[in-house]
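Colleague: This is the structure, below, for whatever I ask next.
Residue numbers (our numbering): 3 to 463.
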């Protein structure tokens, strides 16, 4: 992919934008709403689960980071899969990641509807989803710097609120004002740290991975980043320990404040815990923050889906009209097509208001598994190419190639776990059908190219 092809994209994302986009992309519904699913499966041991998933995510990010810093391009790992693995790999990974982001957008919009119902239970989830759908897509059509600024402040709100919640929860515990049910002993007193055994933690890992989906968002920002040689490595190295601190410290406080087996199953456990402690003002504030978090992730994922679609078009793996970039540096058609597909979320919430989030979450996890495996495998081929060319990369990954194989085995294990659960099995069963669809689409693309060659030759005579 040449620089000329992506020259119309504006380098409007500064270091602070990249840092907060990367951080904000992984602090959202997976933590605030999805945690209730994993608590039911594993109890307090989910804290260990988040640490394990965070370590795997960090290994994968370093692999992606090495490639992105070496070649900061639009399309990210789809570009690398196309270049170092093969044209079908680029086609498959790009479209899978685009669909992944669309599913994340749908899940976040669904979560937004659930958070709105905390204040106004009479408002259906589809109505709230539609309202925020129109708002965010309108912003994404304006200017990349506006997107960066909005995502920066959304993430600031999330981070400050999480820190405040950790501080407030610590104060309640230290002063003994959290009530008789509070105490650090909650982490082991109710059936132990592994109330459902190690098997419970293993089964929860599939849900936990959902929380880390979007962590690779920083790679998509590469083509619009200022000074990517400095900003992207910082984003990789600083993001993971911050996420682990936020996740692990937050969950520790959450479990200490309230018995995990009494947490309400509906809505966000964070809000429900503080409401149960008669801290209704704090619960209301937390619900606003959690709503902001969902809007933030939806905002970032909408951006990501349009840039991946642009990258696919520049590779020749998507229709040419998606390459159009307006004077403000926005790939307008890519934004609109992504938005058009995302609006199906409104229909899903209308038809299945009670099951929409759980269904979308499992589909997202299946797509994340494919995506992370592609990144690790592509990185193996990237490093071999660099060694063949005797090039030294600017930002080497950690423990190559062991970390690659570790990530791949871990993600394959997630598929095994999902296949053992009746609620998750459908997502695993859909993976072969999805890959077959991509193979058929790729075959159609090749046939069109083959049929177009004689006419092109005729036109040049």
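Ideal Cβ placement from N, Cα and C applies to all residues, glycine included.
Keep in mind that this is a model prediction, so the values were computed, not measured.
Let me know the secondary structure DSSP gives residue 319 once reduced to three states.
Modeller: Correct three-state label for residue 319: coil.
Colleague: Kindly confirm or deny that the region 76–95 and the region 246–264 touch, where touching means at least three C-beta pairs closer than 8 Å.
Modeller: In short, these stretches do not touch, since the Cβ pair count stays below three.
Colleague: Let me check understanding here. Comparing Cα to Cα, which of 121, 348 and 378 lies closest to residue 410?
Modeller: It is 378.
Colleague: When you compare only the Cα positions, how much space is there between residue 139 and residue 259?
Modeller: If you take the alpha carbons of residue 139 and residue 259, they lie about 38 Å apart.
Colleague: Whose C-beta lies closer than 8 Å to the C-beta of residue 328 among residues of the same chain, with five residues either side of it excluded?
Modeller: Once the five neighbours on either side are set aside, the close Cβ partners of residue 328 are 334.
Colleague: Tell me the DSSP secondary structure of residue 74 in three-state form.
Modeller: The answer is coil: DSSP assigns residue 74 none of H, G, I, E or B.
Colleague: Quick check: the Cα distance between residue 440 and residue 204, rounded to an integer number of angstroms?
Modeller: Straight-line Cα distance between these residues: approximately 30 Å.
Colleague: CB-CB under 7 Å to residue 148, same chain, minus the five flanking residues each way: which ones, in chain order?
Modeller: Result list for residue 148: 141, in chain order.
Colleague: Alpha carbon to alpha carbon, how far is residue 101 from residue 412? Give it in angstroms, no decimals.
Modeller: If you take the alpha carbons of residue 412 and residue 101, they lie about 22 Å apart.
Colleague: Just confirm the distance between the C-beta atoms of residue 112 and residue 306, as a whole number of angstroms; I'd bet it's less than 8 Å.
Modeller: That belief does not hold up - the Cβ atoms of residue 112 and residue 306 are roughly 18 Å apart, past 8 Å.
Colleague: Can you confirm whether the region 379–399 touches the region 116–129 when touching is taken to mean that 3 or more C-beta pairs between the two stretches lie within less than 8 Å?
Modeller: Flag = no, the region 116–129 and the region 379–399 do not touch.
Colleague: Would you kindly report the start and end of the unbroken alpha helix (DSSP H) that includes residue 218?
Modeller: Segment: none, residue 218 is in no alpha helix (DSSP H) and carries neither H nor E.
Colleague: Look at residue 98 and residue 372 and say whether their C-beta atoms are less than 7 Å apart.
Modeller: Yes, the Cβ-Cβ distance between residue 98 and residue 372 is below 7 Å.
Colleague: Starting from residue 114, trace the alpha helix (DSSP H) in both directions and tell me its first and last residue.
Modeller: First-last of the alpha helix (DSSP H) with residue 114: 89–121.
Colleague: Thinking C-beta only, is residue 155 closer than 7 Å to residue 383?
Modeller: Not a contact, by the Cβ cut-off of 7 Å.
Colleague: So, residue 106 versus residue 303, is the Cβ gap smaller than 7 Å?
Modeller: Their beta carbons are under 7 Å apart, which means residue 106 touches residue 303 by this criterion.
Colleague: Hey, quick one: how far does the alpha helix (DSSP H) through residue 345 stretch, first residue to last?
Modeller: Premise fails: residue 345 is in no alpha helix (DSSP H) and is neither H nor E.
Colleague: Within a Cβ cutoff of 7 Å, which residues of the same chain sit near residue 235, ignoring the five residues on either side of it in sequence?
Modeller: Same-chain partners within the cutoff: 67, 71 and 397.
Colleague: Here's a check: name, in chain order, each residue in its chain whose Cβ is nearer than 6 Å to the Cβ of residue 93, leaving out the five neighbours to either side.
Modeller: If we look at residue 93 and ignore the five residues flanking it on each side, its Cβ neighbours are 319 and 444.
Colleague: Let me know if residue 187 comes out buried or exposed under the rule of 16 or more other beta-carbons within 10 Å of its beta-carbon.
Modeller: Residue 187 is exposed by the Cβ-count criterion.
Colleague: Determine, using beta carbons only, whether residue 117 and residue 292 come nearer to each other than 7 Å.
Modeller: Result yes, Cβ atoms of residue 117 and residue 292 sit closer than 7 Å.
Colleague: Does the beta-carbon of residue 2 have 16 or more other beta-carbons within 10 angstroms, so that it is buried, or is it exposed?
Modeller: The shown model of the chain, from 3 to 463, leaves out residue 2, and the question about it has no answer.
Colleague: At what residues does the alpha helix (DSSP H) containing residue 262 begin and finish?
Modeller: From DSSP, residue 262 is part of no alpha helix (DSSP H); its letter is neither H nor E.
Colleague: Under 7 Å between the Cβ atoms of residue 214 and residue 367?
Modeller: No, they are not a contact pair.
Colleague: So for residue 144, helix, strand or coil by DSSP?
Modeller: Three-state DSSP puts residue 144 in coil, outside helix and strand.
Colleague: Give me, in chain order, the residues of the same chain whose beta-carbon lies closer than 7 Å to that of residue 448; leave out the 5 immediate sequence neighbours on both sides.
Modeller: Around residue 448: no qualifying Cβ.
Colleague: If you check the beta carbons only, do residue 257 and residue 189 fall under 7 Å apart?
Modeller: Yes. Within cutoff.
Colleague: Ends of the alpha helix (DSSP H) at residue 85?
Modeller: Per DSSP, residue 85 belongs to the alpha helix (DSSP H) from 79–86.
Colleague: I'd like the span of the alpha helix (DSSP H) that includes residue 191, first residue to last.
Modeller: Per DSSP, residue 191 belongs to the alpha helix (DSSP H) from 188–191.
Colleague: Would DSSP call residue 434 helix, strand or coil?
Modeller: It is helical.
Colleague: Return the chain-ordered list of same chain residues with a C-beta closer than 7 Å to the C-beta of residue 277, the five sequence neighbours on each side being excluded.
Modeller: Counting only Cβ-Cβ distances below 7 Å, and skipping sequence neighbours, we find 285.
Colleague: To the nearest whole angstrom, what separates the beta carbons of residue 261 and residue 183, a pair I think is in contact under 8 Å?
Modeller: The pair is a contact, with the Cβ atoms about 6 Å apart (cut-off 8 Å).
Colleague: Can you tell me whether residue 371 is helix, strand or coil according to DSSP?
Modeller: Correct three-state label for residue 371: helix.
Colleague: Enumerate in chain order the residues of its own chain whose CB-to-CB distance from residue 246 is below 6 Å, with the five nearest sequence positions on each side excluded.
Modeller: Excluding residues within five positions, the ones whose Cβ falls inside 6 Å are 56.
Colleague: Indicate the three-state DSSP secondary structure (helix, strand or coil) for residue 332 in the structure shown.
Modeller: In this structure, residue 332 counts as coil in the three-state DSSP scheme.
Colleague: Please return the same chain residues whose Cβ sits closer than 7 Å to the Cβ of residue 58, not counting the five positions on each side in sequence.
Modeller: So the qualifying residues of the chain are 409 and 412.
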